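Protein chains in written order, with the working numbering: chain G, 35 to 349; chain R, 35 to 349; chain Y, 35 to 349; chain W, 35 to 349. Beta carbons: idealized from backbone N, C-alpha and C, even for Gly. Note that the coordinates shown come from a computational prediction; the quantities given were computed from them, not determined experimentally. Scroll down for the structure; my scribbles are underneath it.
Protein chains: 4
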Amino acid sequence: MIRFDLSIGLDYTVLTPSDFVFIIQPTNTAHQRVTWERLSIEPNPAWEEQVEGTPPNRHLRLRAEPGSLRLRYEAIVDLVHHFELPVDISEVPIADLPADVLKYVYPSRYCQSDHLVSVAMQEFANMPPGYARVEAIRSWVQSRIKFQVGASQATTSAVETYESCQGVCRDFAHLMITLCRALNIPARLATGIDYGADPALGPTDFHCYVEAYLGDRWYLFDPSGITPRMGLLRIGTGRDASEVAFATIFGSVQWTMPKIRIEAQGDELNGIVLPFRHDYAISTDPAGSPPDEATLMLQAQDFAIKDRALPSAAS
Amino acid sequence: MIRFDLSIGLDYTVLTPSDFVFIIQPTNTAHQRVTWERLSIEPNPAWEEQVEGTPPNRHLRLRAEPGSLRLRYEAIVDLVHHFELPVDISEVPIADLPADVLKYVYPSRYCQSDHLVSVAMQEFANMPPGYARVEAIRSWVQSRIKFQVGASQATTSAVETYESCQGVCRDFAHLMITLCRALNIPARLATGIDYGADPALGPTDFHCYVEAYLGDRWYLFDPSGITPRMGLLRIGTGRDASEVAFATIFGSVQWTMPKIRIEAQGDELNGIVLPFRHDYAISTDPAGSPPDEATLMLQAQDFAIKDRALPSAAS
Amino acid sequence: MIRFDLSIGLDYTVLTPSDFVFIIQPTNTAHQRVTWERLSIEPNPAWEEQVEGTPPNRHLRLRAEPGSLRLRYEAIVDLVHHFELPVDISEVPIADLPADVLKYVYPSRYCQSDHLVSVAMQEFANMPPGYARVEAIRSWVQSRIKFQVGASQATTSAVETYESCQGVCRDFAHLMITLCRALNIPARLATGIDYGADPALGPTDFHCYVEAYLGDRWYLFDPSGITPRMGLLRIGTGRDASEVAFATIFGSVQWTMPKIRIEAQGDELNGIVLPFRHDYAISTDPAGSPPDEATLMLQAQDFAIKDRALPSAAS
Amino acid sequence: MIRFDLSIGLDYTVLTPSDFVFIIQPTNTAHQRVTWERLSIEPNPAWEEQVEGTPPNRHLRLRAEPGSLRLRYEAIVDLVHHFELPVDISEVPIADLPADVLKYVYPSRYCQSDHLVSVAMQEFANMPPGYARVEAIRSWVQSRIKFQVGASQATTSAVETYESCQGVCRDFAHLMITLCRALNIPARLATGIDYGADPALGPTDFHCYVEAYLGDRWYLFDPSGITPRMGLLRIGTGRDASEVAFATIFGSVQWTMPKIRIEAQGDELNGIVLPFRHDYAISTDPAGSPPDEATLMLQAQDFAIKDRALPSAAS
């Protein structure tokens, strides 16, 4: 089990009466328990939390009058991962995809997979299907795209990232999703926090990563490679960033960089480990089978010792 | 009430084992009752119907072996419309949009509303918000875009249609949806059959049209203008065509044009009228208040007599 | 006649050995005489001026070593305009276009006129051909596009400007050129200095404007409307900005904003007037008939008095 | 020396009075002599040949009235190649590029090299500059893009070909040119006839190929690989296809496939050989040093014997 202590601070200067839709609160599921949280918003506008979608995204909606708007959110979140050996995980034939997974094979706003079918076929069609092929896609994206703050915009899509070869975590995620879908592998975007990222990339920030549906559940991938996968918290889940922006604002507003803090709290005696890099496949899919904790924790501690030394560990 | 008798025939030559996902069966809701239907598929592959989404799309899934595949579907469908005077219908402030409607303000694969904000503002920002503004968008799209079979492809998006000024019903719908969303008006795509279309446009075919969320429900618009709105059957509903293609095929398959027949059966004594063009706003939103038929039918017959003569009737 | 006194200062910090190609010196032609000029470059790299193309562009080429690079250019330039009444200027049938003009009907990097044919036809096909139609295109671009520094990039093309509705003078010029070509009207881009621009748009800077081939020569248009046309100096001339960037740099270099000064020197007794806004068509086409100065100056002074009061003066 | 006997037949049904600009006649230069030619056009419209540009493109212009238009052209053309060992040919530093070559480093309509800089850097920046690197680009394009008639349109640019991975010779040429320019290697497009192409690709047709400026002249490359380079005739030369379409038509016209015949006439005793595939770099650059035929012919015959057996011959 992983335990995170996190806080998020958002500050705005509202110029005209404006509507906000935030998706910043971690999802509460069997594999990710929000054990404590506190939200304060100043001044004190009426707000509403609306849970929508599967997995559930927590929409925090409010209307702010001109002046300053200050939002502070704190939470303790426990993650319980499902672990699997990559070699045991296969791709799922279209005919066997669950009804609610099928839609993640189709193109979306930022992931126009219909445009990159030939590219995906050329690079990956010769590889045997399975988890290893999806990891190869992830690795290809990481090595080909340069992490460059400011090189992309809100409108930048995967096709443009494929051309420009630069972007931020969101662009990495969109391109990996697009290539997966072009091969009929369901893939979706999740948002979180960039726990463990190199400080040279800037202060702690929101993060975007990828889930691909393999075997019987959604597995985690970080195409930017900046976060160990065990550190990937789930805030929003969607087809792509068009569905899970951390803040969607209707109105005229000035903003500053989010102030985000995240710490993992290790307590190995109680089975709480710090996120680390290894080569197991991991999942926090709320729809996956609920975790059998005792077993899993033993298993986790077991390979934690063994695999920390693996030189080839991906992320 | 409107009553349709329809049949759909789809014929394929399957070259390699292929998966099919069809969305061709009309949705069954309080405003649209499928009172009888029959489906036959030859040869006799295992198939499954999966209902997914809100409003519910009926996914017909099957796997076909090489050889011919023949699908025949017939149905009787009754439509009960909600009528409203356009002048009574307002746009909904963002703050008041229901949680499950909000997502239809965001950009999607074919409707990159983030790209056309300036265009939408220039053309429509000066108009008072309300149904009339959405109808103005519809009318602008109809007059600006030329209906041209073959001028667009499966990958054509609204931004490209805005440039090329030509396309088919799907392109008209994508552009109208995009302009609505750019003004923060929720809009989505529905598929149906082009009842009443000019035979010069070709044989009866599937159709795409638009729903915009106004007042307390989704209202119907046909930006191509080829179908009277009362003739708009609901088959699939989604963000755009990426979610509701009538056939999604994974495999190598040859196909021929769909063979579609649709007839409206009038029986005025029993309150069943033929679709006609008028200026009322109409809705078949499954989430809207259920219809009070007696009243509605009287109302319908009433304005049917009055309004048939209206020279300015839009569609 | 118009007389300009101008200076241009460019400062760079060269990080790696770098090649520079500048196009900053005004062209020397019968209608635009560079009567005096001085160029200094520090430190003292070998440089070469290569005149290339028709009209001639003056390429200033040099190779700089790491360190600072400082370029100062000063000149006195006299402009002698050809004047014509708009109503007397017709569009030229394709069959009558000179061989060296024909290429300006074809699409180019930033002016993909093949993409915007339908748009151009819808907006302008119904207007009678002639100078007035080209002015209508110019006016449409000026009113539709918002001048917004930072809204476009070096890669931004006319199709993107048509979508985003914002940009700088270069984007205005590209869109106007594109729409002209889409109607088979030869159009090209010229660079100059934004004499007379509103200081609110920032310090004096390089400028881009349009020439359209009408009647028997190239006439001047300023789609951004920020400069009176009589103030349009000719530096570079090309299909679009890809051919006449004021500085093309091969290497790693830091730069600051150009420091530019331009002043018009009036001396009405000697027939030298200040640029002013009026509705005559004007040209400085080097290939046009050489000016008959005595006549022209009288004419200019004549309408200068009459037309300064015209409320409808375009630019 | 190579000798071609060729004929071109073009047939149109003109629906409205239409202007035609043809570029179908081979250029006449020191390295490519048109020793005999005959042109007939029925009915007998006035036509004009205008030679424009460097190297000179022969524009055949005419205006046709409604009815049929029939053009027949025949010619005998001798090619004298300059041969060089690839290892002796270097790339040219920007500072040393001739003034009239520099423009071929800039982006153009179909070759938006500014968009693909990162791609070019990733794939080719690590290779030593020189002819071999340009050949590596050519080979990469040939292996990556699938020759597919109908997969591209008149508006298709190199960026789109890079995404879709399919196209015809024109698309291959545009992508190779774009990648060269992104590395600051001057590259341009030439048109010719697809001598020697596999009949499975269709009847003899016009062809597009690439020239890259290396050492002291323009060298020939065929990224589609369908023609032996010695069989590359020069018809038009330009930045990209926007400048050298074989027919540009202003009007409403129906057309049929061009009827083209080309034969190489061998006469080894007189030093006239048939085109063959080998690994020498070759050029027909009119601006290159004029050929010393006696020497060259000996050299050609010499390696003709040696190199025909080379298994690695590129094209």
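- CA-to-CA, the gap between R/L209 and R/L223 works out to about 11 Å.
- Residue state for W/C145 is assigned as strand, using DSSP reduced to three classes.
- Under the 8 Å criterion on CB atoms, Y/Q84 is classed as interfacial with respect to chain W.
- Using a Cβ distance threshold of 8 Å, W/E118 and W/G249 count as a contacting pair.
- The C-beta distance from Y/N91 to Y/V278 rounds to 6 Å, short enough to fall under 8 Å.
- Between the alpha carbons of W/S124 and W/N218 lies a gap of roughly 13 Å.
- Under the three-state reduction of DSSP output, G/F206 falls in the helix class.
- Per DSSP, reduced to three states, the secondary structure at G/Q299 is coil, with no helix or strand assignment.
- Per DSSP, reduced to three states, the secondary structure at Y/V175 is helical.
- Under DSSP, R/L150 shares a beta bridge with no residue.
- Within a 10 Å sphere around the beta-carbon of W/V151 sit 16 or more other beta-carbons, which makes this residue buried.
- Against chain R, the CB of Y/S152 has a partner CB under 8 Å away; the residue lies at that interface.
- Within the same chain, Cβ atoms closer than 8 Å to the Cβ of W/M155 are found at A216, L217, the five residues on either side in sequence being excluded.
- If you ignore the 5 residues before and after Y/R263, its C-beta comes within less than 7 Å of the C-beta of L254, D256, I316, S349, all in its own chain and listed in chain order.
- Put simply, of W/Q299, W/Y314, W/V287, W/F310 the residue whose alpha carbon is nearest the alpha carbon of W/Y46 is W/V287.
- Counted as a single uninterrupted DSSP element, the beta strand (DSSP E) harbouring W/T282 occupies residues 281-284.
- The C-beta separation of W/T225 from W/I294 comes to about 12 Å, leaving the pair out of contact by the 8 Å criterion.
- In chain order, Q146, D148, H149 make up the part of chain W whose C-beta sits under 8 Å from the C-beta of Y/T189.
- In the DSSP annotation of this structure, the continuous segment of the beta strand (DSSP E) that includes R/E83 starts and ends at 81-86.
- The Cβ of Y/A133 sits closer than 8 Å to at least one Cβ of chain W.
- Separation of G/F56 and G/P89 (C-alpha to C-alpha, rounded to the nearest whole angstrom) is 16 Å.
- No Cβ of chain Y is located within less than 8 Å of the beta carbon of R/V175.
- For the C-beta of R/F284, the chain G residues within less than 8 Å are, from N- to C-terminus, I128, N218.
- With fewer than 16 neighbouring CB atoms inside 10 Å of its own CB, Y/T290 falls in the exposed class.
- At least 8 Å separates the CB of Y/V202 from every CB of chain W.
- In its chain, beyond the 5 residues on either side, R37 have a beta carbon closer than 8 Å to the beta carbon of Y/D301.
- Distance from the CA atom of G/I211 to the CA atom of G/G259, rounded to whole angstroms, is 15 Å.
- Contact annotation: the segment 69-76 of chain Y touches the segment 100-117 of chain Y, with at least three C-beta pairs closer than 8 Å.
- Annotation for Y/A170: F158, M161 place their beta carbon closer than 7 Å to its own, counting only its chain and skipping 5 residues before and after.
- When beta bridges are read from the DSSP output, G/C242 appears opposite G/T225.
- If you draw a straight line from the Cα of W/V307 to the Cα of W/Y314, it is about 15 Å long.
- Our two residues, Y/S186 and G/T189, have alpha carbons roughly 13 Å apart in a direct line.
- Taking C-beta separations shorter than 6 Å and ignoring five residues to either side along the sequence, the partners of W/L96 in its chain run F54, P79, W81, following chain order.
- Looking at the backbone, the Cα of G/G236 and that of G/V202 are separated by about 12 Å.
- What G/L136 touches in chain R, judged by beta-carbon distance under 9 Å, is V55, Q84, E86, H93, R95, T282, going in chain order.
- W/P220 is not a Cβ neighbour of W/Y165, given a cutoff of 8 Å.
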